[in-house]
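J.:
In my numbering, the protein residues as written are 282 to 360.
(1) Can you list, in chain order, the residues of its chain with a C-beta nearer than 6 Å to that of residue 342? Leave out the 5 residues immediately preceding and following it.
(2) Since residue 331 is in the alpha helix (DSSP H), which residue starts that stretch and which ends it?
(3) Leaving out five residues before and five after residue 292 in sequence, what residues of the same chain have Cβ atoms less than 6 Å from its Cβ?
(4) Can you name, in chain order, every residue of its own chain whose Cβ lies under 7 Å from the Cβ of residue 346, other than the five neighbours on each side?
(5) Throw me the rounded Cβ distance for the residue 326 and residue 298 pair, which I believe falls under 8 Å.
(6) How would you write the range of the alpha helix (DSSP H) that residue 318 sits in, first residue to last?
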């Protein structure tokens, strides 16, 4: 496996990332922040992971939101 010292998402699974976002924001607020249907209509981790793995633009938006979360005042203590 190649080292990626400049990649803040290195070693973080999509499932872990999504789970932390849902715990922090909840599905409703997550849907407000990232406008995708899998967060609005009968949301679940499993269905959202399937969609995000197949849809690069949506995954990029979710990853960007996660990066904002870990860069914020609560993120520093979690890492």
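All C-beta atoms, glycine included, are put in the ideal place defined by N, C-alpha and C.
T.: To lay it out plainly:
(1) So the qualifying residues of the chain are 315.
(2) First-last of the alpha helix (DSSP H) with residue 331: 326-335.
(3) none
(4) 302, 314 and 315
(5) Actually they do not touch by this definition, with Cβ atoms about 11 Å apart.
(6) 318-321
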